[in-house]
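Enquirer: Please see the structure below; I have some questions.
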Amino acid sequence: MRTPAATLCAGAALLAITPALGADQADQIIRGHYQAVLGDCAGCHTRPGGRPLAGGLPLATPFGALVPPNITPDHETGIGNWSQTDFRNMMKTGIGHDGVRLYPAMPYPAYTRMTEQDIADLWAYLTTVEPVSNKVEANQLPFPLNIRLSMWGWNLLNFSEASFQADPSKSAEWNRGAYIVQGAGHCGTCHTPKSFLGADQDTSFLQGASLQGWFAPDITNNAQSGLGKWSEADVATYLKTGVNAHSTASGPMAEAIENSTSEMTDSDLKAIAVYLKSLGSDTANAQAPKPDEARMVAGEAIYHDNCSACHGGDGAGAGALFPTLVGNSIVAQGNPETLARVVLAGSQAVHTAGAPTTPAMPSLAWRLKDQEIADVLTYVRGSWGNSAAPVASDDVAAVRKELVP
Amino acid sequence: MAREKELTMTTILPRKDVVIVGLGWTGSILAHELTDQGLDVLAIERGPWRDTATDFNIGYAQDELRYSVRRDLFLQPAVETLTMRNDPSQTALPMRDFGSFLPGNGVGGAGVHWNGHTWRFWDSDFQIKTNLTKRYGAARIADLQVEDWGVTGAEMEPYYDQFEYLAGISGKAGNIKGKLQDGGNPFEDPRARDYPNPPMEMTYAPTLFANVGRSMGLHPFPTPSANMSRTYVNPLGITMGQCTYCGFCERFGCANYSKSSAQTTILPVLMKKANFEVRTDSEVLHVDLAAGGKSARGVTYVDTSGQEFFQPADLVLLCAYGLHNARLMMLSGIGKIYDPVTGEGTVGRNYCYQTNAGAQVFFDDKNFNPFIAAGALGQTIDDFNGDAFDHSGLDFVGGAGINCIPTNGRPIGTRPTLPGTPKWGSAWKKATVAGYKSTLGFSSQGSSYATRTNYLDLDPTYKDRFGRPLMRMTFDFPDNDIRMSNYLCDRMEEIAKASGGKQYNVARRKKGWDSVPYQSTHNTGGAIMGTDPKRSAVNSFLQSWDVPNVFVIGASAFPQNAGKNPTGTVGALAFRAADAIRTQYLRNPGAPLVQA
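For the record, the sequence lines run as chains D and G.
Okay, so the first sequence: first residue is 2 according to my numbering, each after it adds one.
Okay, so the second sequence: first residue is 2 according to my numbering, each after it adds one.
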């Protein structure tokens, strides 16, 4: 029988395996590990259940499939042959070792705002990761996009190397939040709408976007579709635990919380909340068209038969277990894609130290027709003070088709 | 030659610190505790993986035909059954369908489909032989084979507390640190604190039952329930939801995270631990012992493809259903099988059950709305349970809780009709309409005390699909227990009369246990705990006397059964065993915790 193993914190573990390191170097590696948390490197570069950073699952982009490469220090299949300068240039410009141009699925348009120090720390950490031999064919795009030189033109149109510009009129906390959101945290990669070339539309920064079959909601302070009804503490709790009084994370955000935000420091989460709560305005908000009365009646009946046992007759839900539907940001989005997807496919909450339950919504695709789902969602979006637009049967059909091609 | 063939066909796996057989309540509790201790733990589960949203989908979880009538979640007899007879003079025959009791199957075990009645046994239950001998003399229990458990009520209290807070039990304390509490059970032992959740909202039937009981000078109180009276976060940080009173508990998984089970209280945390692994759809064939038979080397199991594996482990925990624990010991040669003729041997000794009876009261003018229900939503009267009452002038020992717990109003199974009603046709239809809403039911859950000839062993004739002998159950209700049950039926008749209905019916328990109609899945004993290795299979920490790196955890350890549902005590014993392993056994692995 082995003696019980002590739980080692990340820092102690690093020191234990690299006893020859100086204290400064060890500190840098620990800081770099935190940069990897902020940047959620594992979210793309680690396969579920796979070896850390040894390559991820294919990303479906509107242009084709890209596979996140092996970024362990393996010489043959990883980035063992890269220099620190190679790495720095890749993060800043999207041009990697040997001048290879990256596709912006790697969020270098955000990482370019990271400081030289943070990038150097991250590099120091990546050199200490266990090397794994795993060959990844990253580029699976169709011609002509598979020609990486095409990214020369894309970058010319859509990208310029940048540094984070602090706003001296704002607090240090706000600036820290802005730095994480715009830089390492690369929130806009999902939450900012894209142009037809796949570039961020800066005028709609963080106002919600559709990707990989999910709608990443508006995370500005918009009262109708964004975080307007959330307190700063609500935002921080959501990012820390995956659930708060208004919503439960699902889809890609659940993964981002598990791998990244739940591991961030409380002060960084607060800073992110302060920054996000300062964005956006309500001037463009319009009253959604009033739903058809017959659909509301049908939707209400479907709701009581299928939803109310968990979400309650009044949509109020139950704490961390069953999300409230009243003012829920997923319910409130203009685009009902995520909402329809959750009803069709079900969804499981993320596991975090603060909220370990992982309650799940069952799939109801087998039980409800597209029109019924459209009606019940229309009812939910138009009840208890919610005022999002009605959902069409075709919207549901489109999501169903994606789930069962 | 056969041995050689067997060896070459078995894949030998890397060793684990601990292997657990069965991932139900006890397996999950032990796995959680021992992984917290830093040990590398593997659970091997015969049935499938099961989780709330995927397996107890809200859209079909309340399918009475599938789950209650066709018993979808239960162990199927083709996988494992046993043979039964009423006394040793008979030839046992296989139970080709489960009826009287329904063992569970799969992750969560029987804890998936229980009702949720969560009791503490009393000190007078644990020290039963000492207590009864002192109070009534040895002659009174001469026909019985009752045994002390080797623990006191006070020793068990902190472990009951742990289980009740893990499972979020809804109830009302009757005795906190010796001070009686209004509205609770005045007969219970002192507890350190109240239940974690208040009692459930009472429906009309138990409210009426309690009022009648109080008017007779009895002491009704809310049944302690594992159905949540409110949203609850347990000590592991896991949230459970408020019960919706849908009335689909027993035989069903809960779709609303409202009934305590391994799934709703432990697994969300356990499954994320790097030092825990479960292998489902894998059946353990036996525990492998080292030469000399004094220590276990691991277990041999087979997966659904028929591939056989040897899993080495330093510590083996049998956490299967109690009956299956006893059989695995017999098949593995852990301890000596009990012989009722000589009284020698311990494995299979003191098999006990539950001695139940029921009463119905029929009204014209009442509507009980029986479909508003939960598995453990009700009221209990313990005035005639255990040794809460004086048996001096009586001809039996033991007793029963009288429970009014209308668990459901399900459309297929709940069809109360007046005695004499035809079983089919228009008269039955009329009677079922009249009886559905207006019938009050309650029952006595009686103690079951051991006798010399109620026991388990291996059947000489019948074998399972792997060629292993089936276990043979020899059981009938002891005369003592029948007398006890009749006394309780007299008490129920008094309550029925006082209820003011137009007619009542009391169904009395008779000799001749019948394995066909459902009675209770409270099979106890077979690997009982105690202080004497000649009369018990495990010590009071549930460690095998014969093979000290094997612990046998479950109702198999009960030397006899009290007039209460066993799960609370099973959970408490699991926590106590885990505590003993963590704080004592690991200091000197492989050594007995108690010197015989």
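Quick reminder that beta carbons are idealized off the backbone N, C-alpha and C, glycines included.
The model shown is predicted, which means the values in this text are computed figures rather than measured ones.
Are the C-beta atoms of Pro347(D) and some chain G residue less than 8 Å apart?
Expert: The sequence shown places Gly at residue 347(D), not Pro. Chain G contact via Cβ: present.
Enquirer: Starting from the beta carbon of Pro324(D), find every residue of chain G whose beta carbon is closer than 7 Å, and list them in chain order.
Expert: Going along chain G, no residue has its Cβ under 7 Å from Pro324(D), so there is no contact; the nearest lies around 12 Å.
Enquirer: Given a limit of 8 Å on CB to CB distance, which residues of the region 333-359 of chain D reach chain G?
Expert: Gly347, Gln349, His352, Ala354, Gly355, Ala356, Pro357, Thr358, Thr359
Enquirer: Can you pull out the residues from the region 253-285 of chain G whose beta carbon lies closer than 9 Å to at least one beta carbon of chain D?
Expert: Ala256, Asn257, Tyr258, Thr265, Pro269, Val270, Met272, Lys273, Asn276
Enquirer: Please go through the same chain and pick out, in chain order, the residues whose beta-carbon is closer than 8 Å to the beta-carbon of Gln585(G), but skip the five residues on each side of it.
Expert: Excluding sequence neighbours, Gln585(G) sits near Phe542, Leu594.
Enquirer: For the region 230-245 of chain G, which residues have a CB atom closer than 9 Å to at least one CB atom of chain D, in sequence order?
Expert: Thr232, Val234, Leu237, Gly238, Ile239, Thr240, Met241, Gly242, Gln243, Thr245
Enquirer: Closer than 9 Å by beta-carbon distance: list the chain D residues that pair up with Ala358(G), in chain order.
Expert: Ordered by position in chain D, no residue passes the 9 Å Cβ test against Ala358(G), which lies about 35 Å from the chain.
Enquirer: Asn176(G) CB to nearest chain D CB: under 8 Å?
Expert: no
Enquirer: Can you name, in chain order, every residue of its own chain whose Cβ lies under 8 Å from the Cβ of Thr8(D), other than the five neighbours on each side?
Expert: Because Thr8(D) sits at a pLDDT of 38, beneath the cut-off of 50, its placement in the model cannot be relied upon, and the point is left open.
Enquirer: Note down, in chain order, each residue of its chain lying with its Cβ closer than 8 Å to the Cβ of Asn87(G), except the 5 sequence neighbours on either side.
Expert: Hits under 8 Å: Thr475, Phe476, Asp477, Gly513, Trp514.
Enquirer: Identify the residues that DSSP records as bridge partners of Leu212(D): which are they?
Expert: Trp215(D)
Enquirer: So with Cβ pairs under 8 Å, would you call Thr343(G) a contact of chain D?
Expert: no
Enquirer: Could you check whether the Cβ of Asn198(G) sits closer than 8 Å to any Cβ belonging to chain D?
Expert: Cβ-Cβ to chain D under 8 Å: no for Asn198(G).
Enquirer: On a Cα-Cα basis, can you pick out the residue from Gln128(G), Gly442(G), Gln182(G) that is closest to Gly387(G)?
Expert: Gln128(G)
Enquirer: Quick one, are the C-beta atoms of Gln225(D) and Ala333(D) less than 8 Å apart?
Expert: yes
Enquirer: So, Trp120(G) versus Gly569(G), is the Cβ gap smaller than 8 Å?
Expert: yes
Enquirer: Hey, could you find the ends of the alpha helix (DSSP H) Asn132(G) is sitting in?
Expert: Taken as a continuous stretch (DSSP letters only), the alpha helix (DSSP H) holding Asn132(G) covers 129-137.
Enquirer: Roughly how many angstroms lie between the CA atoms of Glu233(D) and Val381(D), to the nearest whole one?
Expert: Spanning the two alpha carbons is a distance of roughly 26 Å.
Enquirer: Cβ closer than 7 Å: which chain D residues qualify as neighbours of Asn409(G)?
Expert: Those do not exist, as Asn409(G) stays about 16 Å from chain D at its closest Cβ, beyond 7 Å.
Enquirer: Please confirm whether Tyr505(G) and Ala499(G) have their CB atoms less than 8 Å apart.
Expert: no
Enquirer: Can you tell me where the beta strand (DSSP E) with Met474(G) in it begins and where it stops?
Expert: 470-475
Enquirer: Using 8 Å as the Cβ pair cut-off and three pairs as the minimum, do the region 350-361 of chain G and the region 437-455 of chain G touch?
Expert: yes
Enquirer: Would you identify the three-state DSSP class for Ile170(G), choosing helix, strand or coil?
Expert: coil
Enquirer: Suppose only complete runs of 4+ residues qualify. What are the alpha helix (DSSP H) ranges in the region 436-508 of chain G, listed by chain order?
Expert: Entirely contained in the region 436-508 of chain G, the alpha helix (DSSP H) runs reaching 4 residues are, in chain order, 480-499.
Enquirer: Near Ser230(G), what residues of its chain come up, given a Cβ to Cβ distance below 8 Å and the 5 sequence neighbours on each side ignored?
Expert: Ser171, Asn198, Pro199, Pro200, Met201, Glu202, Gln243, Cys244
Enquirer: Would the region 237-254 of chain D and the region 212-219 of chain D be scored as touching if the rule is three or more Cβ pairs under 8 Å?
Expert: yes
Enquirer: Any beta carbon of chain D sitting closer than 8 Å to that of Ile59(G)?
Expert: yes
Enquirer: Tell me, please, which residues DSSP counts as bridged to Cys42(D).
Expert: Answer by DSSP bridge pairing: none, since Cys42(D) is not bridged.
Enquirer: Comparing the C-beta of Ala54(G) with each C-beta of chain A, is any distance below 8 Å?
Expert: Absence of chain A from the displayed structure is noted, the protein chains being D and G.
Enquirer: Using the Cα positions of Gly109(G) and Asp203(D), report the straight-line distance between them to the nearest angstrom.
Expert: 51 Å
Enquirer: I need the DSSP call for Ala314(G), collapsed to helix, strand or coil.
Expert: Residue state, collapsed to three classes: strand.
Enquirer: Using a C-beta to C-beta distance shorter than 7 Å, which residues of chain G count as neighbours of Arg368(D)?
Expert: Simply Gly60.
Enquirer: I believe Ile403(G) touches Leu489(G) by the beta-carbon criterion, under 8 Å. Please report the beta-carbon distance rounded to the nearest angstrom.
Expert: 7 Å
Enquirer: CA-CA distance, Gly313(D) and Ser134(D)?
Expert: Straight-line Cα distance between these residues: approximately 51 Å.
Enquirer: To the nearest angstrom, report how far apart Ala389(G) and Tyr161(G) are at their CA atoms.
Expert: 20 Å
Enquirer: Taking just the CA atoms, how far does Ser226(G) sit from Gly442(G)?
Expert: 18 Å
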